[in-house]
Amino acid sequence: MNSDSDLQIAGDILEVPHLLQPPREHPATVAEFAGLARRVAADRSQWEHLVRYDATSRWYHRLRVGPGYEVWLLSWVPGQGSGPHDHGLSSGVLTVLRGTLTERTGRGTRALGTGAQRVFAPGYVHEVVNDTLEPAISLHVYYPGLTDMPMHPDSAHGSEGALPGHGADGARGAVRAGGAGCAAAVTL
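And the structure:
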């Protein structure tokens, strides 16, 4: 008996099915969206045969649509980039499937190799570029689905002045870990 409480659990709690949450059919949390991106990345049969490379513009293909989210596949030939932009009201997960992409923000530059993930909130300003001599492929999950991608041509890689009310890292308002406009790096 626990001296702090009179509550005791008899048997295996996992054998009480009514207490278990059923698995969700679609992701609903940041962790679940990142997990969706990792699962799609791991299953090359879902995307590899669709990839095309276009030297005149970035190639993209909407791979999947779910309630409140979209999954996009993009290819990047050497030298191609997105230009400084944000994703409007959408949050997102960027996963590098092949090659290396460079992300530039007001906080600096970071190389994202195969398997790297970036999770970002609405209002996060960045630029993604293929600075290497090899093509790259990335997967992007946007929630809600991407309806706006404002460009910031006056910003220096998502730096100060990108949008009124944005901080030096391109984030809206105060810079807070996990707050609006913030991003987190995850390596698979």
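Our numbering puts the first residue of the sequence shown at 4, with every later residue one more than the last. Backbone N, C-alpha and C fix where the C-beta goes; we use that ideal spot for every residue, glycine too.
Nonlocal neighbours in the same chain, by C-beta distance under 7 Å from residue i, ignoring five residues either side
{"i": "Leu-53", "result": "His-64 and Leu-76"}
{"i": "Ala-114", "result": "Thr-103 and Thr-105"}
{"i": "Asp-134", "result": "Thr-105"}
Beta-carbon proximity list for residue i, same chain, < 8 Å, skipping 5 on both sides
{"i": "Gly-91", "result": "Pro-125, Leu-149, Thr-150, Asp-151, Met-152 and Pro-153"}
{"i": "Glu-35", "result": "Arg-27"}
{"i": "Leu-66", "result": "Val-43, Gln-49, Trp-50, Leu-53, Val-74, Trp-75, Leu-76 and Leu-142"}
{"i": "Pro-167", "result": "Bear in mind that a pLDDT of 34 at Pro-167, under 50, signals an unreliable position, so the number given afterwards is only what the model happens to contain. Hits under 8 Å: none found."}
Which of helix, strand or coil DSSP assigns to residue i
{"i": "Arg-61", "result": "coil"}
{"i": "Ser-78", "result": "strand"}
{"i": "Arg-42", "result": "helix"}
{"i": "Leu-120", "result": "Contrary to the premise, residue 120 reads as Gln rather than Leu in this sequence. Of the three classes helix, strand and coil, the one that applies to Gln-120 here is strand, per DSSP."}
{"i": "His-90", "result": "coil"}
{"i": "His-52", "result": "helix"}
{"i": "Ala-31", "result": "coil"}
{"i": "Arg-47", "result": "helix"}
{"i": "Pro-167", "result": "The pLDDT assigned to Pro-167 is 34, lower than 50, so where the model puts this residue is not dependable; a value taken from the coordinates is nonetheless given after this. Correct three-state label for Pro-167: coil."}
Rounded Cβ spacing between residue i and residue j (contact assumed at less than 8 Å)
{"i": "Leu-142", "j": "Ala-37", "result": "No, Leu-142 and Ala-37 are not in contact; Cβ-Cβ is about 11 Å, not under 8 Å."}
{"i": "Tyr-205", "j": "Asp-89", "result": "Since the displayed the chain opens at 4 and closes at 191, residue 205 lies outside it and no answer follows."}
CB contact below 8 Å: residue i versus chain B
{"i": "Gly-102", "result": "Included in the structure is just one protein chain, with no chain B present."}
Between the CA atoms of residue j and residue i - distance to the nearest angstrom
{"i": "Ser-45", "j": "Thr-117", "result": "The amino acid occupying residue 45 in the given sequence is Ala; Ser does not appear at that position. Cα to Cα, the separation comes out at about 11 Å."}
{"i": "His-93", "j": "Glu-73", "result": "Checking the sequence shown, residue 93 turns out to be Ser, not His. Computed Cα separation, rounded: 10 Å."}
{"i": "Pro-70", "j": "Pro-26", "result": "16 Å"}
{"i": "Ser-85", "j": "Glu-28", "result": "32 Å"}
{"i": "Leu-100", "j": "Phe-123", "result": "18 Å"}
{"i": "Val-68", "j": "Leu-97", "result": "16 Å"}
{"i": "Glu-137", "j": "His-155", "result": "27 Å"}
{"i": "Ile-140", "j": "Trp-50", "result": "10 Å"}
{"i": "Ala-58", "j": "Gly-82", "result": "9 Å"}
{"i": "Pro-147", "j": "Arg-61", "result": "22 Å"}
{"i": "Val-33", "j": "Arg-121", "result": "11 Å"}
{"i": "Gly-95", "j": "Arg-47", "result": "21 Å"}
Contacting residues, own chain, Cβ-Cβ under 6 Å from residue i (five flanking each side not counted)
{"i": "Val-132", "result": "Gly-84 and Thr-105"}
{"i": "Tyr-1", "result": "No answer is possible for residue 1: it lies beyond the span of the chain, which begins at 4 and ends at 191."}
{"i": "Pro-30", "result": "Phe-36 and Leu-39"}
task = Output the residue ranges of the beta strand (DSSP E) runs that lie fully inside the region 122 to 158 and measure 3 residues or longer, sorted by chain position.
result = 130 to 132 and 139 to 146
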